[in-house]
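According to full-length UniProt numbering, the sequence shown is numbered sequentially starting from 1. For glycine and all other residues, C-beta sits at the position ideal for the given N, C-alpha and C. Fair warning: this is a prediction, and the values are worked out from it, not measured in the lab. Report on one structure; see the data block that follows.
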Amino acid sequence: GPYFTAFPNLQEAMKNNTPIYTKSRACTIVPNFVGLKFMVHNGKDYLPVTVTEEMVGHKLGEFSLTRKKFTFR
Numbered sequence: 001g002p003y004f005t006a007f008p009n010l011q012e013a014m015k016n017n018t019p020i021y022t023k024s025r026a027c028t029i030v031p032n033f034v035g036l037k038f039m040v041h042n043g044k045d046y047l048p049v050t051v052t053e054e055m056v057g058h059k060l061g062e063f064s065l066t067r068k069k070f071t072f073r
């Protein structure tokens, strides 16, 4: 089955709409995560990810980029 981490503050986040901080980028997004805000670690800092219906089945890390955008000077 899909790999996902048990978030201890999931119920609190659903009630108060507070973001869930996680370093678990490999966690599969399940349908009851829809509408929640996650702060996903990219190796340096936490980037905001708001889960939508289309994200179900994907991993949290897919939506938190780890590399800087290239800019030519």
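With a Cβ-Cβ cutoff of 8 angstroms, do phenylalanine 4 and isoleucine 20 count as a contact?
Mapped onto the sequence shown, residue 4 falls at position 4. Mapped onto the sequence shown, residue 20 falls at position 20. No, they are not a contact pair.
How big is the Cα-Cα spacing for threonine 43 and threonine 66?
Within the sequence shown, numbered from 1, the residue matching residue 43 stands at position 43. Within the sequence shown, numbered from 1, the residue matching residue 66 stands at position 66. The question names threonine, but residue 43 in the sequence shown is glycine. Put simply, the backbone Cα of glycine 43 is about 7 angstroms away from that of threonine 66.
Between alanine 6 and glycine 61, is the Cβ-Cβ spacing less than 8 angstroms?
Counted from its first residue, the sequence shown places residue 6 at position 6. Counted from its first residue, the sequence shown places residue 61 at position 61. No; because the gap between Cβ atoms is not below 8 angstroms, this pair is not in contact.
Close beta carbons around histidine 41, own chain, < 6 angstroms, minus the five adjacent residues each side:
Numbered from 1 along the sequence shown, position 41 holds the residue referred to as residue 41. So the list reads Lys23, once near-sequence residues are dropped.
Does DSSP put leucine 47 in a helix, a strand or coil?
Residue numbering aside, residue 47 sits at position 47 when the sequence shown is read from its first letter. Strand at leucine 47.
Residues sharing a beta bridge with lysine 37, DSSP:
Along the sequence shown, one-based indexing puts residue 37 at 37. Residue pairing from DSSP places lysine 37 in a beta bridge opposite Thr50.
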